[in-house]
Each structure stands twice: as structure tokens, then as C-alpha cells.
Amino acid sequence: MTPDLMDAGAKALAAHKARSQPFAAADPYFAQGVALYVDGITVSFDGFKALNNLSLTINVGELRCIIGPNGAGKTTMMDCITGKTRPDAGKVFFGSNIDLLRLSEPQIAQIGVGRKFQKPTVYEQLTVFENLELALKADRRVRASLFFRLTGAQLDRIGEVLQLIHLKDEAQRVAGLLSHGQKQWLEIGMLLMQDPKLLLLDEPVAGMTDEETERTAELFLSLEGQHSLVVVEHDMKFVDQLTEGRKTVTVLHEGSVLAEGLLKDVQANEKVVEVYLGR
Ligand code: ADP
Ligand code: MG
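According to the working numbering, the sequence shown is numbered sequentially starting from 352.
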């Protein structure tokens, strides 16, 4: 991303903010209690529909788990939310009035949509602390100050995030030496440095040990409420821990929502059982 493109994006975003009234006023994000509104999106790859009229609403502060067999369209859905892929049809709104289909990928990240990919992408040769510091600098509002120096508040924030991601004792360790699970947490910490309103997490516990998986669930539960989280996952024990027997789970299949409800109910749903057993 060249600085010019970033500036162009920022200008477009400012213009967009000015246009969409309530965004400039209070916080429209909270206005209707909706964090993300996906309505009837379809994505075709050479005629094959990876997403087929998919609709989904995530509330402010909600932690939603999305499950579904391989190829169901889970990652493609995230690609549409983050601007990586443009759907052929449908709508994607952030909060009640920000049309994500009109924003670029960096703009979407900048307004508060953070995404964690399947593989951790931390700077292996830098320390844990430096990785978090860098994530802070990636925020153009911070980088805009020419002589970047951490303020007390920013140091506090790094400390807070280190605590959250269980890496306080590893702050000075080179990231390359961390375990796979710790790298995943560090990447989540890097996302948190930018204070996203909506966090999209694609198979965050793949390859983690049981203990790491449990700690990750605790981390996500501690983020719930302050952030909206969309967690795509295969590990049902993890999903069970996250949903605490009371949260909604969405099952995707062939690019659409197959079922939605409590984990125990969707797991007992005949259509869902068929889809999983059929593979
Ligand atoms: P999931 O994450 O649920 O496993 P994906 O969203 O990755 O599923 O993929 C959904 C379907 O779309 C799969 O059949 C996949 O092969 C297909 N697909 C995804 N991305 C592309 C692409 N860039 N080109 C062609 N087909 C794709
Ligand atoms: Mg996927």
C-alpha cells in the first residue's frame, strides 16, 4: 500500500463519514444495536456459487460462532466483509449505515473491522512487545505524528493487551520463538491494538493444544461485549465453551445459512447431521 493510496482512502473515508450523518454524530455503530448486517450476498467463481443468498446479522458486543463443513463458504463470507472479495449481489453494512461494499480493504480495516487469518502472520524477528508497538504504528492516526514515541496511554494499552493475550512474561521474547498458539494470540493482540469494533476470526484454534484452545476461549469471552466477534470454527468443544449453552450458532452449507440456534439444537437438527455425516 503506497502512502498515496492510503491518503486517497482516508479522504474517501472522511467523505463517507460526512455523508452518512449519524456516523459523524454519536456512534451509529450502537444506534440500532447491529454491528454487522449481511443481506443476500452471492459470490460466484466461474459459475459456482461459493455464497448463495447469504444473510446474517451480528449484534453489537455479540460473540457469534459460525460452523459448517469445508467449502461451506465461511472464508469467502469473511472475504466479502473485509473487502477482499466483492459479492455479485447483496448488501454488507457495518453498523446501521456504513456500506462496506463501497469501501476498500484498508478503509474497512480502518473503520474498525479486524481480521485474523488462519495462519499467524507475526514479525518473527521482532519481540512480542515490538510486534504490538508496530501494530499501533500501523494505525495511521498514530503514524501521522512524525516522531513516533509511545505515550503513557499507549504503553498502558500494550501492557493491557499483553495481559489479555497471556504474553506478559514473553514481552521481550523474539516472536519466532513462541509456540504456535502464542503466535496466534500475538496476532490477535496486534489486532486489538487497533481497537476493532468487529473482529473476524477464521479457525483461530486450529493446531493449538487443548490448553491453548481453552485459554483462547477465555480470551474471546473476555473480549465479548467490548467487541463483536465472529468466530469460524470446527472444534465443537471450543464452540461449546464459547457459546456457554446460550449463544446463537450459525451453520453454513453450500453458501447459505442452513440452521441457526443453540449449539445443542443445531447439532440435533436433521439437515445439519446429514451435512456433517455426508462428508
Ligand atoms: P470454507 O471456508 O467454508 O471452507 P471457502 O469460503 O473457502 O469455504 O470456499 C467455498 C467454496 O468456494 C469452495 O468450494 C472453494 O473451493 C470455492 N472457492 C473459494 N475461493 C475461490 C476462488 N478464489 N476461486 C474459485 N473457487 C473458490
Ligand atoms: Mg475456510
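Even for Gly, the Cβ is constructed at its ideal location relative to N, Cα and C. Here the structure is a predicted model, which means the values were calculated and not measured.
Is it buried or exposed, residue i, if we count other Cβ atoms within 10 angstroms and call 16 or more buried?
i    : result
T502 : exposed
T472 : exposed
Q533 : buried
K548 : buried
D553 : buried
G465 : buried
M559 : buried
N421 : exposed
R500 : exposed
V443 : buried
I need the DSSP call for residue i, collapsed to helix, strand or coil.
i    : result
V389 : strand
F468 : coil
H578 : strand
L572 : helix
E611 : strand
D546 : coil
R415 : strand
A489 : coil
L477 : coil
Rounded to whole angstroms, how far is the Cβ of residue i from the Cβ of residue j, which I believe are closer than 8 angstroms?
i    : j    : result
V581 : I418 : About 12 angstroms separates the two Cβ atoms, so there is no contact after all.
E604 : A423 : One detail in the question is off: residue 604 reads as His in this sequence, not Glu. About 5 angstroms; that satisfies the 8 angstroms criterion.
Q545 : A486 : 6 angstroms
G441 : I459 : Contact flag wrong, Cβ pair sits at about 16 angstroms.
Considering only the alpha carbon of each residue, which of the options lies closest to residue i?
i    : options                : result
T478 : K548, N404, Q523       : Q523
W536 : R453, I392, K470       : K470
V512 : K588, A489, S573, E456 : S573
V608 : E456, L451, G391       : G391
M428 : L628, G606, V626       : G606
V385 : F589, R597, I409       : I409
E584 : V602, E569, G576       : V602
Could you pull out every unbroken beta strand (DSSP E) segment of at least 3 residues lying fully inside the stretch 432 to 467, listed in chain order?
440 to 445, 464 to 467
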